[in-house]
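Step one of this worksheet: look at the structure below.
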Amino acid sequence: MPNVLNYKDILCIVVTYLLISQSQITSSVVFYHFKRLGIAIPIIGISVHLCFAAIAIWCQWACMTQDPGIVPKITDEQTIEDALNFKFTLCKKCDSLRPVKAHHCKICNACILRMDHHCLLSCIKIIAGPWRA
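Using this note's numbering, you'd call the opening residue of the sequence shown number 242 and step up by one each time.
Dropping the structure here:
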């Protein structure tokens, strides 16, 4: 796998940050027009929105840099027997045993635990290797 991000990954990151920045600018303009009600209302409104924007950026950063939950390949025969006893299934695409609720990601080319929380931004770490977005 290459150690660089492709244009789709970079575009997704840039669009996310642009949308968050645009919402912060819009809320600042809207709250600025409430200054006739007192200076506290715009300051509180902008501060609250800034906190939510910071939380959104932190959540997006955490998605990009944390382990997406790749199921390790099982090679030991005893472990394979134990896995089959726990109703593990064989993935038809990567030929690895996977637990219940694990699904194959075509971007990562690996089985992922709890695939419902896996997305393109989680795949960035796998695609980029040691480089973090």
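C-beta atoms are modelled at their ideal positions from N, C-alpha and C, and glycine is treated no differently.
Residue from the options whose Cα sits closest to the Cα of residue i
i	options	result
Cys335	Lys328, Lys347 and Leu252	Lys347
Thr257	Cys304, Lys276 and Arg277	Cys304
Ser268	Leu354, Ala294 and Leu278	Ala294
Ile254	Val289, Lys276, Leu291 and Gln301	Gln301
Leu259	Leu278, Ser288 and Ile298	Ile298
For residue i, the three-state DSSP class (helix, strand or coil)
i	result
Cys346	strand
Cys332	coil
Ile367	Any reading at Ile367 is ruled out, since the residue's pLDDT is 49, under 50, leaving its predicted position unreliable.
Distance cut-off 6 Å: residue i Cβ against heavy atoms of the ligand FAD
i	result
Trp302	The model depicted lacks the ligand FAD and carries no ligand whatsoever.
Residue interval of the alpha helix (DSSP H) (run including residue i)
i	result
Cys304	Ala281 to Thr306
Leu260	Tyr248 to Tyr273
Boundaries of the beta strand (DSSP E) in which residue i is found, first to last residue
i	result
Cys352	Ala351 to Leu354
Quiz item: Using 8 Å as the threshold, is the stretch 260-273 in touch with the stretch 282-292, meaning 3 or more CB pairs across them?
Solution: With a cut-off of 8 Å, the stretch 282-292 and the stretch 260-273 count as touching, because enough Cβ pairs lie within range.
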